[in-house]
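Residue numbers for the sequence shown follow the numbering used here, beginning at 299 and rising by one.
Positions of the beta carbon are idealized from the N, C-alpha and C atoms, including for glycine.
The structure displayed is predicted, hence computed values, not measured ones.
Quick notes on the structure that follows.
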Amino acid sequence: RGRVRVAWSGMAATPSTPLVGGAEVRAEARRVENILDAKLVLYARFARGDEKHDRRASSGQGGACGGSDLVGMCGSLDKQPADLEHEIEQLLMQLGEVNDRMSRLYTSSTSVGSGSTSRHVLQRHREILHDLAQEFNKIKTNLKSAEERQELLSTVRANICEHRHSTDMLLRERNALHTCDRLTNDVISNAEATKAALANQRSVFSSVGSRLQLLSALAPRATTLLGAIETRKLRDKMLLGALIGGCVSLILLYRLATDGA
C-alpha cells in the first residue's frame, strides 16, 4: 500500500534513553507492524474478491507478502477471511500492548531531550497503529459489503434459475397440453368422419331395406300376374288345338266328299 516506514533507530542515541529496552520494543513494534501490513494485504484481496492468492511468493516471484522472507511472516496463503480477521485483531491488540510497553518505558526516562524524542517515536507508532486499525476496519467493512453483495447475487441467481426452471416446466406443460389438444382434435375429427361414414352407410342400408320391402310387396302381384299369363297361354293353346282339329276335320270331310262324287 506504499506505507512509508521511518527508521527511528538513529533518533534514540542519547545516553539518557534506555537504549537496549527501547530498541527491543521498537524492533518488536516494527515486526508486528510489518506482519500486520502483510496480512492486511492478504485480507484486502478477499474484499476485492480476488480469491486467487499469489502462490508464487515462495518461489521468489513477488506476492502478497513482498518476497520469500515475508512469506513466513504472512503464514499460509490459503487462509480464510475469518482466520485472517482473527489474526489481525490479535496482532492489533499485540501492537497496542507493545506501544503501551514503549510508553511506560519512555515515561520512566528522566532526560528532557530523550523524552521529547521518545514521545515523538511513540506518537509515530501510535499513528501507525491507528492507521492500521482504520484500514482493517475499512477492509472489514468492504469485505462484509462484498459478502452481502455476493449473497444477494447468489440469491438473485438462485431466484432466476428457479424462475427459469419454473418457466421451462410451464413451457413443457404447455407444449404437452398443446400436443394433447392436437391429438384430441385429431381423434375428434376421426370420430366425426367415422360418424359421417356410418350415417352414410345407414342411409344406404335404409334405402336398400325400403327397396327390398317394395320388392316383397310386389312379389304377390307378380306371382298372380304370372299365373294369369300361364292360364291365358294354356287357353290359347287349347283354342289353337281346337281350331287346328276343326280345320283338319273339314279337310278330311271335303276329301271324302270329293272322292264320293
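Discussion item. According to DSSP, is Thr312 part of a helix, a strand, or is it coil?
Written reply: Here residue 312 corresponds to residue number 14 of the sequence shown, with the count starting at 1. Only weak support exists for where Thr312 lies, its pLDDT of 36 falling under 50; the value from the coordinates is given anyway. Note: Thr312 maps to coil in three-state DSSP.
Worksheet entry | Whole-angstrom C-beta distance between Leu403 and Leu334, which should lie under 8 Å | Here residue 334 is taken as the residue at index 36 of the sequence shown, counted from 1. Here residue 403 is taken as the residue at index 105 of the sequence shown, counted from 1. Between Leu403 and Leu334 the Cβ distance is about 21 Å, and since that is not below 8 Å, they are no contact.
Worksheet entry | Of the listed residues Leu420, Arg553, Glu383, nearest to Asp398 (C-alpha basis) | Here residue 398 corresponds to residue number 100 of the sequence shown, with the count starting at 1. When each option's Cα is compared against that of Asp398, the closest is Leu420.
Worksheet item: Do you know offhand how far Ser443's Cα is from His476's?
Response: Your numbering for residue 443 matches position 145 in the sequence shown. Your numbering for residue 476 matches position 178 in the sequence shown. Straight-line Cα distance between these residues: approximately 48 Å.
Practice prompt. Alpha carbon to alpha carbon, how far is Val330 from Ile426? Give it in angstroms, no decimals.
Written response: The residue given as residue 426 occupies position 128 in the sequence shown. The residue given as residue 330 occupies position 32 in the sequence shown. Distance between the alpha carbons of Ile426 and Val330 is about 11 Å.
Practice prompt. Given a cut-off of 9 Å, decide if Leu430 and Leu340 are closer than it, judged by their beta-carbon atoms.
Written response: Within the sequence shown, the letter at position 42 stands for residue 340. Within the sequence shown, the letter at position 132 stands for residue 430. No. Outside cutoff.
Worksheet item: Buried or exposed: Met400, going by 16 or more other Cβ atoms within 10 Å of its Cβ?
Response: Within the sequence shown, the letter at position 102 stands for residue 400. Buried is the call here.
Worksheet entry | Ser357 classed as buried or exposed, judged by whether at least 16 other C-beta atoms fall within 10 angstroms | Taking the sequence shown and counting its residues from 1, one reaches residue 357 at position 59. At Ser357, the pLDDT of 41 sits below 50, so the modelled position is not reliable; the number obtained from the coordinates is stated separately. Label assigned to Ser357: exposed.
Worksheet item: Residue ranges of each beta strand (DSSP E) run of no fewer than 3 residues wholly in the stretch 411 to 446, ordered along the chain?
Response: none
Practice prompt. Compute the distance between the beta-carbons of Leu468 and Ala345, then report whether it is under 9 Å.
Written response: Position 170 of the sequence shown holds residue 468. Position 47 of the sequence shown holds residue 345. Taking 9 Å as the cut-off, the Cβ atoms of Leu468 and Ala345 do not count as close.
Fill in: Rounded distance between the beta-carbons of Phe434 and Leu382, thought under 8 Å
The count along the sequence shown starts at 1 and reaches residue 382 at position 84. The count along the sequence shown starts at 1 and reaches residue 434 at position 136. Not really, about 10 Å apart at Cβ, beyond 8 Å.
Worksheet item: Quick one, are the C-beta atoms of Val423 and Val396 less than 9 Å apart?
Response: Working through the sequence shown from its first residue, we reach residue 423 at position 125. Working through the sequence shown from its first residue, we reach residue 396 at position 98. Checking the sequence, you will find His at residue 423 rather than Val. Closer than 9 Å, so yes.
Worksheet item: What distance in whole Å lies between the Cβ atoms of Ile437 and Ala336, which are believed to be in contact at a cut-off of 8 Å?
Response: As a working note, residue 336 is residue 38 in the sequence shown. As a working note, residue 437 is residue 139 in the sequence shown. Under the criterion of beta carbons closer than 8 Å, Ala336 and Ile437 do not qualify as touching, at roughly 13 Å.
Fill in: Host alpha helix (DSSP H) of Ser401 (start-end)
The residue given as residue 401 occupies position 103 in the sequence shown. Segment 379 to 405, the alpha helix (DSSP H) holding Ser401.
Item to complete: May I have the straight-line CA-CA distance separating Ile486 from Val502, to the nearest angstrom?
Response: Indexing the sequence shown from 1 puts residue 486 at position 188. Indexing the sequence shown from 1 puts residue 502 at position 204. Approximately 24 Å between the Cα atoms of the pair.
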